[in-house]
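Laid out in structure tokens, this is it:
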């Protein structure tokens with residue numbers, strides 16, 4: 016559904032400055048591949064006359080070589096298209112898009128993290144260490160005495176619940 020990267024060619028003369036077409040055989044090969052994969056240049060579809068360059072050569076030419084192709088059914092799920100400089104030195108800009116499916120499940124607040132204020136609580140860490148030792152012994156026993164009610168996954172989940180409650 017998504018193909019992205021540095022394609023080292025443009026499909027439209029508008030994506031070069033000064034404007035010029037790329038090698039016709041290479042461009043046609045990319046178009047055929049896109050048709051077979053049923054993907055499109057969604058940014059270009061949304062911005063048919065705009066220019067956004069991702070490559071700047073030392074000969075003062077500009078190109079939109081870096082693109083994200085998406086399946087047409089994702090048109091309404093792609094938002095906030097942008098291009099930015101990368102943290103790693105490069106002669107290309109990075110292309111970004113947010114993919115937000117309309118029917119995505121609600122995830123919530125994310126994963127729980129340990130409150131930093133408790134990092135120096137020695138008694139708490141000793142209690143957690145004791146719980147961890149007991150959990151390891153229980154899991155070792157479960158290697159040979161596993162059941163639906165008593166297994167390492169449930170033991171681990173119980174351990175996480177206990178230390179979260181202790182925090």
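In the working numbering, the protein residues as written are 16 to 182.
The C-beta atom is built at its ideal place from N, Cα and C for all residues, glycine as well.
Predicted model only: the values in this text are computed from it and were never measured.
- Under the criterion of beta carbons closer than 8 Å, residue 20 and residue 81 qualify as touching, at roughly 7 Å.
- About 10 Å separates the beta carbons of residue 27 and residue 66, which is beyond the 8 Å limit, so they are not a contact pair.
- Using a Cβ distance threshold of 9 Å, residue 116 and residue 160 do not count as a contacting pair.
- Pairing residue 87 with residue 93, the inter-Cα distance amounts to about 10 Å.
- Counting other Cβ atoms within 10 Å of its Cβ, residue 70 reaches 16 or more and is therefore classed as buried.
- Burial check for residue 35: the Cβ neighbour count within 10 Å stays below 16, so the residue is exposed.
- Contact between residue 29 and residue 41 fails: their C-beta atoms lie close to 17 Å from each other, not under 8 Å.
- Where residue 145 is concerned, the enclosing alpha helix (DSSP H) starts and stops at 137 to 157.
- Residue 129 carries a coil assignment under DSSP once its states are collapsed to helix, strand and coil.
- By the CB criterion at 9 Å, residue 146 and residue 174 fall inside the cutoff.
- Here DSSP, grouped into helix, strand and coil, assigns residue 97 to strand.
- DSSP places residue 134 outside both helix and strand once states are collapsed to three, so it counts as coil.
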